[in-house]
Structures are given as structure tokens and as C-alpha cells.
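Asker: Residue numbers (UniProt numbering): 1 to 84. Note that beta-carbon positions come from the ideal geometry of N, C-alpha and C, so glycine has one too.
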């Protein structure tokens, strides 16, 4: 499982598991539990590149980022680590 340290969000870490381009699992450490559970349900089984396009730039409370936005960076790094 790939571990990503977030920046600028209540969620401190994101854990991502990919199989090729498909998101097999994602978990968040910290943050808004209900919202992050919903994000998890929505992205499981989806293509990581599609989720990156869909969620990149999503902002929370004028922070310039959000947990969903940080997930896109976690997915990008996980894809690079898997060389996909």
C-alpha cells in the first residue's frame, strides 16, 4: 500500500492501493470521517487517472486544497511508484 503525507488538510495521510490503474483500496488518517468514507466508496474500483481528472483542484474552506484534491496527488505518486 502506498503512503502519502498530505499538505494543507485535516487529513494527515492517505493510503492507496492500486492494481495497474485501478484503485483497489484507499484510506485516510484524520479528516472528516463521513466525507472521507463517501469519497472512498465513490473511488473504489475506478481508474486512478479518471479520478485525478475529476477531483484535482477541489478546494475546502479556501485552503487551496482539500482531502479529495490531496487524493489526486497521492494517486499520481502511487502511479509513478508503480510506473503506470
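Is residue 83 a contact residue of the ligand MN, with contact defined as CB to any heavy atom under 7 Å?
Answerer: No copy of the ligand MN appears in this structure; indeed no ligand is present at all.
Asker: When the distance is taken between beta carbons, is residue 30 closer than 8 Å to residue 60?
Answerer: Taking 8 Å as the Cβ cut-off, residue 60 and residue 30 do not qualify as a contacting pair.
Asker: So what's residue 72 in DSSP terms, helix, strand or just coil?
Answerer: Helix at residue 72.
Asker: Please classify residue 5 as buried or exposed, where buried requires at least 16 other C-beta atoms within 10 Å of its C-beta.
Answerer: Residue 5 should be labelled exposed.
Asker: Tell me, please, which residues DSSP counts as bridged to residue 14.
Answerer: DSSP output for residue 14 lists 4, 28 as bridge partner(s).
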